[in-house]
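Counting from 1348, one number per residue, gives the positions in the sequence shown under our numbering.
C-beta: ideal position from N, C-alpha, C; glycine also.
For reference, the structure discussed in these notes is given below.
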Amino acid sequence: ETQRVAEYWRKRADIAEKAVGDLEGALSGQERLLQTAQRDREALISERLGDCSASSGSGTSSQPAESFPSVPLWQLVQAHVANLEGEMKVHSLQWRLRVKEHQAESVSEKQRNADYEVEQLRKRLHHNMDK
């Protein structure tokens, strides 16, 4: 019976370790996506600011109507929202990873306790058989 309990916790520890590894991989991928979204957003902002400063810095009031910034405001908003979504996903995955790491540690502790108990029972059995 104790052997089955130890095996149960061993399997649970393996499952927990795999879940932690999966979450670490997901977090890493989401962090890369967030970095890309941040670079894209910064590039759009820089382009928009460059367009605005170029059109206002010319000093002529007879600017043609087509001299609007090449980056529409909706595109900046969309890039900002994508960045915020990425940050939320990263934070969510970080919390989920912390919880899974805590669960994995708890399961590992239970596995160690069960293994210790099995070892103690084996020692007692061998000791009783030697008598």
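Judged by DSSP in its simplified three-state form, Glu-1456 adopts helix. Annotated three-state conformation of Ser-1417 is coil, per DSSP. The beta carbon of Gln-1377 sits closer than 6 Å to the beta carbons of Lys-1436, Val-1437 and Leu-1440 from its chain, once the five residues preceding and following it are set aside; these are given in chain order. A straight-line Cα-Cα distance of about 18 Å links Gly-1368 and Trp-1356.
Restricting attention to Lys-1478, Leu-1423 and Ala-1429, the CA atom closest to the CA of Ala-1390 is found in Leu-1423. His-1473 and Gln-1458 have their C-alpha atoms roughly 22 Å apart. Considering only Arg-1359, Arg-1351 and Thr-1349, the residue with the shortest C-alpha distance to Ala-1451 is Arg-1359. Ranking Val-1465, Asp-1477 and Ile-1362 by CA distance to the CA of Gln-1350 puts Val-1465 first.
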